[in-house]
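First up is the structure itself, then whatever we jot down about it.
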Amino acid sequence: MREIEPGRLWIGNSGDLQDPARWLPLNVEAVVELADSEPAAHLPRHLIHCRFPLADGGENPDWLIRIAAQTVADLIRDRIPTLVACAWGMSRSLVTVATGLALVRRSSIRQELLSLTATGPADVSPALVAQFQAVCERA
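Here this note's numbering = 1-based position in the sequence shown + 1279.
Rendered as structure tokens:
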């Protein structure tokens, strides 16, 4: 798990979701799970839990991309401590967080993605990035 915005935003992986005791002390209030083939995480009931079954290959419905990106942007904008996680924490979570940050900061997805990939591991799907960019440009 890595901290993106101090005390407010983290990127994690499916292993992190299986061990909430590790990150509950950070006062995480919302979890955004970006899993297309992984089983849903069993999380404490008091948490906001959003699950968007995104695939890396770029074949996601536009509405799903739009809702996932807007949800993350709203959580960031409202300063709700949020963990965003996908299988390995290196593609879907990075692209979704980069898009959420871009929407809040009125910057580009590319700029936010470059910043995120410079500070930690990444294996971003170009097709997924292209899909997020296309959907956000049409919104």
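Even glycine gets a Cβ: it sits at the ideal position worked out from N, Cα and C. Computed from a prediction, not measured in an experiment: that's the story for all the values here.
About 5 Å separates the beta carbons of residue 1372 and residue 1363, which is inside the 8 Å limit, making them a contact pair. In the structure shown, residue 1385 falls within a coil segment according to DSSP collapsed to helix, strand and coil. In this structure, DSSP gives residue 1398 a state outside helix and strand, which the three-state scheme calls coil. For the set 1281, 1287 and 1376, the Cα lying nearest the Cα of residue 1345 is the one of 1376.
Here the stretch 1390-1400 does not lie against the stretch 1319-1330, with fewer than 3 beta-carbon pairs under 8 Å apart. Looking from the CA of residue 1323, the closest CA among 1340, 1304, 1336 and 1332 belongs to 1304. Apart from the 5 residues on each side of it in sequence, residue 1341 sits with its Cβ closer than 6 Å to the Cβ of 1414 in its chain, given in chain order.
If you draw a 10 Å sphere on the C-beta of residue 1379, you find 16 or more other C-beta atoms in it, and that means buried.
Put simply, of 1353, 1411 and 1326 the residue whose alpha carbon is nearest the alpha carbon of residue 1306 is 1326.
In terms of CA proximity to residue 1402, 1374 leads the group 1389, 1374, 1410 and 1409.
Check the Cα spacing between residue 1406 and each of 1289, 1314 and 1336: the tightest is with 1336. In this model, residue 1348 and residue 1292 are separated by some 18 Å (Cα to Cα).
Under the DSSP assignment, residue 1291 falls in the beta strand (DSSP E) whose first and last residues are 1288-1292.
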